[in-house]
Amino acid sequence: MGCVLGALGCCCGSAACSLCCACCPSTRNSIATRLAYGILLLISMIISWIFLIPGLAKTLAKIPALCKGSTVGGVEIFQGQISCEKVVGYLSVYRIQFSLACFFFVMMILMLCVKRSKDPRSGIQNGFWLFKILIIIGICIGAFFIPNQGFAPTLMVIGSICGFIFILVQLILLIDFAHSWNESWVAKGEEGSKKHYCGLIFFTTAFYILSIAAIILLYIYYASKPSCSLNIFFVTINFILCIIVSIVSVLPVVQNYHSTSGLLQSSFVTLYVIFLTWSAITSEKPDPICNPSWYGIIKNDNSTIVEATGNGSVGVSSIIAMIIFFGLIIYSAMTSSTKSSGGKLLGISGNEETGTSIPKSEGGKSYDDEEESVAYNYSLFHFMFFLASFYVMMTLTNWLKPTNDFYSFRQSDSAVWVKIASSWTCLVLYCWSVIAPCVFRNREFS
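Taken in order, the sequence shown gives residues -17 to -1, 1 to 429; the numbers are from mature numbering (1 follows the signal peptide of the UniProt record, and there is no 0).
Okay, here's the thing in structure tokens:
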């Protein structure tokens, strides 16, 4: 892990590290650093994912003298100091992501009030990657020695709160991305680019078709019986709300004050809301009628979702959520315009251009673009990644709740309502972003 992260940090870190990365293209410190932290979080997620591989405990037990009761050549030995069954599964994800959260929390405190790259702490933000990696590894090793008593339940509560807060932030980024996408393509279309107009039509149509198809499938497999009244309510109310926001986005009064508002954003938000609805429904307790397993749907039988345990796997909805999550992380890192409202709120988008020229380095070195002022709020950036660590933790464990023995997890009703509340919040935020220019007509929203 250290070698991989060290190599990535070298190519994505500060100028001090870029000396050994001549093969990397020259780029700004502000972008390279944000991408490096994003890659750091991605690798931690992959490692957490590896710890969820079924049968990993048996594989570890084959390593001589590692696990208690392991065997070598068919002969059982007991020199091991750990029980391999207790260091894999969902609880290991808790410990790994907890170590990342601790690291980002410390960095958040350390980076308070950094204004420009001349601040000595800026060097810590943009460099010293090997030391950062060693610190994370050290925290992670220490986390595995934390007693289980009370650890998982407490961390589950903290993770649920922080994960939900990050979902709200993610919603802002997603809506900001939809608006930025539409504004960019509309502007290019007005300049005479027919392919961008065709692209707008194509993606808008595709998103609505996928949304309608998904709604039909939700009714067929999850809301086909009167006993599935809660699922019927979720699907129906969100379907109606999506229609309402789509209509609102193209009303004449909205177009007068928000000319770039259109159906592309509405279709994009609609598809995401339907995904959240499906994710919420599949977080309910197993039921052959209202919450069948994927295996049961494919085989057309009455199989239910097997109750997840400490060695459970990652659900399909969680995989999609992780893909969306890291897509937005990359988007936020690459966004440097002050027109990105979501990025400004996160503290990860750039400030206004200062008008000073920034000398660029050659030969793959990163160059300092923050001599006058930082391009993003360092402390707020780490706070968002602190929340993101808990979001990854909860998503990889399918928002399940630890049981009394601390090694198994089960479904929790809170996960359902967190995701449904997120879908409603997304619709409210998007609707407000559309009608705000009409309400506050003297305010600049560009």
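Even glycine gets a Cβ: it sits at the ideal position worked out from N, Cα and C.
Exposed or buried, which one is residue i when buried takes at least 16 other CB atoms within 10 Å?
i           : result
residue 267 : buried
residue 131 : exposed
residue 181 : exposed
residue 249 : buried
residue 196 : exposed
residue 13  : buried
residue 417 : buried
residue 61  : Only weak support is given to the placement of residue 61: the predicted model assigns it a pLDDT of 44, under 50, and the value that follows is read from those uncertain coordinates. Flag for residue 61 reads exposed.
residue 411 : exposed
residue 300 : buried
residue 409 : buried
residue 329 : Here residue 329 scores only 45 on pLDDT, less than 50, and its place in the model should not be relied on; the value that follows carries that caveat. The residue in question, residue 329, is buried, as its Cβ has 16 or more Cβ neighbours within 10 Å.
residue 92  : exposed
residue 291 : Confidence in residue 291 is poor, its pLDDT being 45 and thus under 50, which makes the residue's placement unreliable; the coordinate value appears in the next sentence. When all chains shown are included, residue 291 counts as buried.
residue 422 : exposed
residue 371 : buried
residue 96  : exposed
residue 18  : buried
residue 208 : exposed
residue 335 : With a pLDDT of 41 at residue 335, under the threshold of 50, the predicted position of this residue should be treated as unreliable, and no value is reported.
residue 275 : buried
residue 415 : exposed
residue 259 : buried
residue 304 : buried
residue 87  : buried
residue 420 : buried
residue 170 : exposed
residue 22  : buried
residue 236 : exposed
residue 265 : buried
residue 233 : exposed
residue 143 : buried
residue 298 : buried
residue 200 : exposed
residue 185 : exposed
residue 198 : buried
residue 176 : exposed
residue 133 : exposed
residue 315 : buried
residue 212 : exposed
residue 210 : exposed
residue 116 : buried
Span of the alpha helix (DSSP H) holding residue i?
i           : result
residue 246 : 246 to 264
residue 161 : 134 to 173
residue 225 : 212 to 232
residue 82  : 73 to 93
residue 430 : For residue 430 there is no data in the structure shown, the boundaries of the chain being -17 and 429.
residue 239 : 235 to 240
residue 109 : 103 to 109
residue 357 : Segment: none, residue 357 is in no alpha helix (DSSP H) and carries neither H nor E.
residue 203 : 177 to 205
residue 114 : 112 to 126
To which residues does DSSP link residue i through a beta bridge?
i           : result
residue 270 : 274
State the CB to CB distance for the pair residue i and residue j, rounded to an integer number of angstroms; the pair is presumed to be in contact (CB under 8 Å).
i           : j           : result
residue 165 : residue 245 : 6 Å
residue 373 : residue 145 : 4 Å
residue 108 : residue 16  : 6 Å
residue 413 : residue 33  : Between residue 33 and residue 413 the Cβ distance is about 36 Å, and since that is not below 8 Å, they are no contact.
residue 35  : residue 247 : Contact doesn't hold; Cβ gap of about 36 Å is too wide.
residue 161 : residue 228 : Rounded, the Cβ-Cβ distance is 12 Å, inconsistent with contact.
residue 149 : residue 78  : 19 Å between Cβ atoms; not a contact.
residue 217 : residue 189 : Wrong, their Cβ atoms sit about 24 Å apart, outside the cutoff.
residue 434 : residue 365 : Residue 434 lies beyond the range of the chain shown here (-17 to 429); nothing can be said about it.
residue 28  : residue 375 : 5 Å
residue 356 : residue 99  : 6 Å
residue 74  : residue 311 : Incorrect: roughly 28 Å between the Cβ atoms, too far for contact.
residue 214 : residue 273 : 6 Å
residue 113 : residue 193 : Not a contact, Cβ separation roughly 44 Å.
Inter-stretch contact (C-beta, 8 Å, three-pair minimum) for the region 79 to 97 and the region 112 to 123 = Because the criterion of three Cβ pairs below 8 Å is met, the region 79 to 97 and the region 112 to 123 touch.
Three or more beta-carbon pairs under 8 Å between the region 374 to 383 and the region 397 to 407, yes or no?
-> yes
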